[in-house]
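Report on the following structure.
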Amino acid sequence: MPYLETSAEWYEQSSLLLKARPTTTHITSKYTVLKPNARKIKKNTKYLEKRAARPADSSRPTSEAPAVDSALEPKATFVLKTYDPASGTCLQYQTTKAAEVGRLIGSLGRLGRHQAALPEGMEDLGAPAEAAAVSTPKVKVEEDVKMGGVPAESKAGGGKKKKKGKK
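Just so you know, full-length UniProt numbering puts 102 at position 102 of the sequence shown, and the rest follows in order with no gaps.
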């Protein structure tokens with residue numbers, strides 16, 4: 001079961017699979033937080049201590065050493081899997097980026113519309129902008145409208161005041 005490279009690719013392929021087989025396709029998500037074991041923590045702290053004790057090499061550019069606390073931070077992964085048992089197709093995507101997890105959870109709702117046989121909404125990322133047929137209202141140009149688009153009579157003395165200079 002290979003993993004897809006990008007979340008956009010996973011979304012696109014999953015939506016095509018759901019459109020083709022909405023009754024048999026399943027989407028599963030798994031969020032795992034892996035706590036580092038004691039051996040990894042000890043190994044990482046030894047490495048960081050050894051690196052800090054080493055004299056700085058002037059020929060190489062300096063970079064800040066990672067904090068010792070980074071060894072104690074848990075690593076989290078989020079895996080999305082779209083599986084169709086009828087065709088044997090399995091699409092997987094895995095990420096460790098926290099910001100991407102929220103976007104992926106939101107995209108699950110849009111993918112669920114295919115399974116529920118609901119029409120696609122305006123928020124569909126796969127649809128081009130001109131297909132959405134969004135029109136902007138047209139403004140009537142009149143003689144009494146100033147350059148800013150505000151009618152001359154509507155402004156009732158609420159303009160900006162001049163700032164006084166310091167003494």
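Virtual Cβ for every residue (Gly too), placed ideally from N, Cα, C.
Heavy atom of the ligand GDP within 6 Å of residue i beta-carbon
i	result
residue 33	The model on display carries no ligand, and the ligand GDP is accordingly not part of it.
Beta-bridge pairing of residue i - partner residues as DSSP gives them
i	result
residue 27	82
residue 33	76
Closest by C-alpha distance to residue i, when choosing among the options
i	options	result
residue 109	35, 9, 27	27
residue 89	18, 7, 34	18
residue 22	117, 160, 164, 31	117
residue 36	74, 48, 13	74
residue 33	5, 102, 49, 98	98
residue 9	160, 107, 119, 165	107
residue 86	25, 48, 47	25
residue 84	164, 16, 166	16
Cβ separation of residue i and residue j, assumed to be a contact under 8 Å, to the nearest whole Å
i	j	result
residue 77	residue 94	6 Å
residue 14	residue 111	6 Å
residue 92	residue 3	5 Å
residue 79	residue 30	5 Å
Start-to-end residues for the alpha helix (DSSP H) that takes in residue i
i	result
residue 45	38–53
residue 3	Counting along the chain, residue 3 falls outside any alpha helix (DSSP H), and DSSP gives it neither H nor E.
residue 108	98–115
Unbroken beta strand (DSSP E) run spanning residue i, endpoints
i	result
residue 91	89–95
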